Amino acid sequence: MDLSPACLSYFPFPETLEENLKKSHLLDGLELSLLDIQFGKWMGEKVRFFVSENKLKIDAIASHGHTVFHQPDKGLTLQIGNGWALHKASKLPVINDFRMLDVQLGGQGAPLVPIGDRLLFGQYDYCINLGGIANVSMEYTGLRLAFDICPFNLLLNHYANQVGMAYDEDGALAKKGKLLPEVLDKLNNLNYYYIQGSKSLGREDLDPFFEILEQEKHTTEDILHTLVQHFAIQLKNSIKPIPDRKAKLLITGGGAFNTFFIETLNQVLGESFSIVYASKELINYKEALIFAFLGVLRLRNEHNCLHSVTGASRDNCGGTVYGF
3 MDLSPACLSY FPFPETLEEN LKKSHLLDGL ELSLLDIQFG KWMGEKVRFF
53 VSENKLKIDA IASHGHTVFH QPDKGLTLQI GNGWALHKAS KLPVINDFRM
103 LDVQLGGQGA PLVPIGDRLL FGQYDYCINL GGIANVSMEY TGLRLAFDIC
153 PFNLLLNHYA NQVGMAYDED GALAKKGKLL PEVLDKLNNL NYYYIQGSKS
203 LGREDLDPFF EILEQEKHTT EDILHTLVQH FAIQLKNSIK PIPDRKAKLL
253 ITGGGAFNTF FIETLNQVLG ESFSIVYASK ELINYKEALI FAFLGVLRLR
303 NEHNCLHSVT GASRDNCGGT VYGF
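Take 3 as the starting number for the sequence shown in our numbering and just add one per residue.
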């Protein structure tokens, strides 16, 4: 199967839109509703331009949107990027809101990518995505299992921002820092790491991390260094060796470019695991590729969300359709 995308492109957010998305969880109802429409329209305009420039024939848009709230224990998950606004601006059918059905069925609504990991990337023992949150998916006794391991870029970028950087390129700042042993010990003993089974993290779950990291005054470099060590330890704790051979790890998402983290992870993992170095395109666009695949499954009315992963009462086919 050829999984190479026909065309790839990246459109940066306009500054005002980006700032509004970052603070979307703080907006009042009217402001959030208007941002929902504005973001949907902006995405639609960019898709229409992209399709026209590359002379593509598109069946539909599969859009995740921007997560504002994710509190599955309350039956809540909200991603904005209005489907009708996206449909009107792009003049294409749209599928979005992939998570809510699973949440209403008692699931975490996350992660969604494991169905794609199973069907498209099944040659790897572990598929790890290092985005805002680090998550893993794996096959275990005939079931696909997956869960959020720990925060990742949500914390790393937060502290890089404090010294005027969008992110810590190659982990250079973290590499300059030193380990804070007491902070590391407290992070490793957070309650989240003792939860068994399906579990997920959202931006609103970061308070316990901030409480530990900001109990005392530390340099940004030392905080980043300690976070890198913490993330590597938690990733190792989440996977198991494969008997008689090295387990293969496919690592994608923006964090895969963090050279210092990958070096640290290699040291922590030891000889039982082999990290597969994916192409730049796969690192950047694997999640987008799989969300397109989720859209295909939705249009075929096939399951695109696995209860073994999310903890829902059954496998389900999530997504709301517009303009079909």
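We put the beta carbon where it would ideally sit given N, CA and C, even for glycine.
Values in this document were obtained by computation on a predicted structure and should not be read as measured data.
Kindly indicate the opening and closing residues of the alpha helix (DSSP H) around residue i.
i      : result
Leu114 : Here Leu114 belongs to no alpha helix (DSSP H), and DSSP marks it neither H nor E.
Thr18  : 17-24
Ile130 : Taken as a continuous stretch (DSSP letters only), Ile130 belongs to no alpha helix (DSSP H), being part of the beta strand (DSSP E) at 128-132.
Thr312 : 309-312
Gly85  : 85-92
Measuring straight from C-alpha to C-alpha, what distance separates residue i and residue j?
i      : j      : result
Lys282 : Gln125 : 19 Å
Ile130 : Ala136 : 7 Å
Lys177 : His227 : 6 Å
Phe41  : Leu145 : 37 Å
Asn301 : Gly179 : The sequence shown places Leu at residue 301, not Asn. Leu301 and Gly179: Cα-Cα distance of roughly 49 Å.
Asn56  : Lys43  : 20 Å
Phe295 : Glu20  : 27 Å
Gly134 : Phe326 : 32 Å
Ile151 : Asp61  : 34 Å
Leu229 : Leu158 : 8 Å
Leu34  : Thr69  : 12 Å
Phe293 : Leu103 : 16 Å
Ile117 : Ser65  : 17 Å
Asp30  : Ile253 : 37 Å
Val298 : Ala87  : 21 Å
So, under 8 Å CB-CB, residue i and residue j are touching, yes? Tell me the CB distance rounded to an integer number of Å.
i      : j      : result
Gln164 : Thr221 : No, Gln164 and Thr221 are not in contact; Cβ-Cβ is about 10 Å, not under 8 Å.
Ile277 : Ile264 : 7 Å
Pro7   : Tyr287 : 6 Å
Leu156 : Gly256 : At roughly 11 Å, the Cβ-Cβ gap does not stay under 8 Å, so Leu156 and Gly256 are not in contact.
Need the endpoints of the beta strand (DSSP E) that residue i sits in, please.
i      : result
Leu78  : 78-82
Arg146 : 145-153
Ala136 : 135-142
Ser276 : 275-278
Thr322 : 322-324
Asn98  : 96-98
Can you look up residue i in the DSSP assignment and give me helix, strand or coil?
i      : result
Gly45  : Correcting the residue type first, residue 45 is Met in the shown sequence and not Gly. Three-state DSSP puts Met45 in a helix.
Tyr161 : helix
Phe211 : helix
Gln73  : strand
Leu252 : strand
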